[in-house]
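Step one of this worksheet: look at the structure below.
Numbering (UniProt numbering), first residue to last: 1 to 293.
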């Protein structure tokens, strides 16, 4: 009795049939988002800038995200903040505010990058300093000290921060390819800060960087990002790890090797920035619900 021939099982599809998160990739859409952000109106103009705190592991692309945003509004590859090579050590050592400029005008967005999170307490930022940053207690130029946080007994401690010195949105920056490799210590630190920010009502998102390093489809064509099953799985892992809903997981590809702007990269960066700023502005509205009605 001869053996039965078996039909080879086709490999599982790597793509969905259509985008599961619809995205307008046109140059017109890119230009409209740039114009809307250039003319962004704050609910409370006295705030001046909506402040965003970037938090994440070493090498996640926090500084590169700031540079990428600056590049979009400068119309060229910009160098707003120093970016370290892949050395495994955090480049950011001090608490510094980065503003986004549009030609001669400063836009109402301010970003603070902090030291990359490490599992070892002696090498990384003290979690209490992250809470100090959220509450506006860290002074500009504060040098992070892994041995201990800034206390209210220090002369540098900002005891009465103004509204624009406090954080209006917390952005967790996580590289797509390293989500499953993040240590429990780093995840616990991020969740701890997230929980404390949640008690203050501060909105939170995840900016998922380097999707091209995690998916061959996306590496070849960035517009495949919302048809890629691999990328959606990575986004779900982010959501599960930090407890942040999927609609607040925002994938971007930062400018790193490029020497010229690319429309598809700009679209993802602008989509993320628009959502972040709308959330930050809504938080301002919620703080004083009767003042601006």
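From the three backbone atoms N, C-alpha and C, an ideal C-beta is built for every residue, glycine too.
Enclosing alpha helix (DSSP H) for residue i [first to last residue]
| i | result |
| --- | --- |
| residue 202 | Taken as a continuous stretch (DSSP letters only), residue 202 belongs to no alpha helix (DSSP H), as it is neither H nor E. |
| residue 51 | Not the alpha helix (DSSP H): residue 51 falls in the beta strand (DSSP E), residues 50-55. |
| residue 69 | 62-74 |
| residue 278 | 263-287 |
| residue 28 | 27-38 |
| residue 131 | 127-134 |
Per-residue DSSP class, three states only, for residue i
| i | result |
| --- | --- |
| residue 258 | coil |
| residue 144 | coil |
| residue 113 | strand |
| residue 215 | coil |
| residue 101 | strand |
| residue 207 | strand |
| residue 46 | helix |
| residue 193 | helix |
| residue 58 | coil |
| residue 15 | strand |
| residue 171 | strand |
| residue 180 | helix |
| residue 107 | strand |
| residue 94 | strand |
| residue 295 | Since the displayed the chain opens at 1 and closes at 293, residue 295 lies outside it and no answer follows. |
| residue 228 | strand |
Alpha carbon of residue i to alpha carbon of residue j, nearest angstrom
| i | j | result |
| --- | --- | --- |
| residue 227 | residue 20 | 6 Å |
| residue 30 | residue 128 | 39 Å |
| residue 197 | residue 191 | 10 Å |
| residue 151 | residue 56 | 23 Å |
| residue 164 | residue 258 | 33 Å |
| residue 278 | residue 156 | 32 Å |
| residue 47 | residue 169 | 14 Å |
| residue 232 | residue 238 | 10 Å |
| residue 93 | residue 216 | 34 Å |
| residue 299 | residue 273 | Not covered by the structure: residue 299. The range shown for the chain is 1 to 293. |
| residue 146 | residue 43 | 37 Å |
| residue 212 | residue 253 | 7 Å |
| residue 266 | residue 64 | 13 Å |
| residue 95 | residue 247 | 29 Å |
| residue 138 | residue 111 | 14 Å |
| residue 184 | residue 101 | 37 Å |
Nearest candidate by alpha-carbon position, reference residue i, set the options
| i | options | result |
| --- | --- | --- |
| residue 18 | 9, 286, 224 | 224 |
| residue 176 | 235, 137, 64 | 235 |
| residue 204 | 162, 269, 245, 230 | 245 |
| residue 242 | 105, 172, 15 | 172 |
| residue 26 | 41, 285, 283, 263 | 263 |
| residue 98 | 116, 52, 117 | 52 |
| residue 109 | 179, 126, 276 | 276 |
| residue 130 | 101, 167, 250 | 167 |
| residue 78 | 116, 103, 6 | 103 |
| residue 134 | 153, 161, 144, 154 | 161 |
| residue 230 | 210, 15, 10 | 15 |
| residue 70 | 255, 250, 182 | 255 |
| residue 285 | 268, 142, 115, 41 | 41 |
| residue 260 | 11, 76, 22 | 76 |
Run of the beta strand (DSSP E) containing residue i, from where it starts to where it stops
| i | result |
| --- | --- |
| residue 249 | 249-251 |
Near the ligand ZN: residue i beta-carbon under 7 Å from a heavy atom
| i | result |
| --- | --- |
| residue 31 | With respect to the ligand ZN, the structure shown offers nothing to examine, as it has no ligands at all. |
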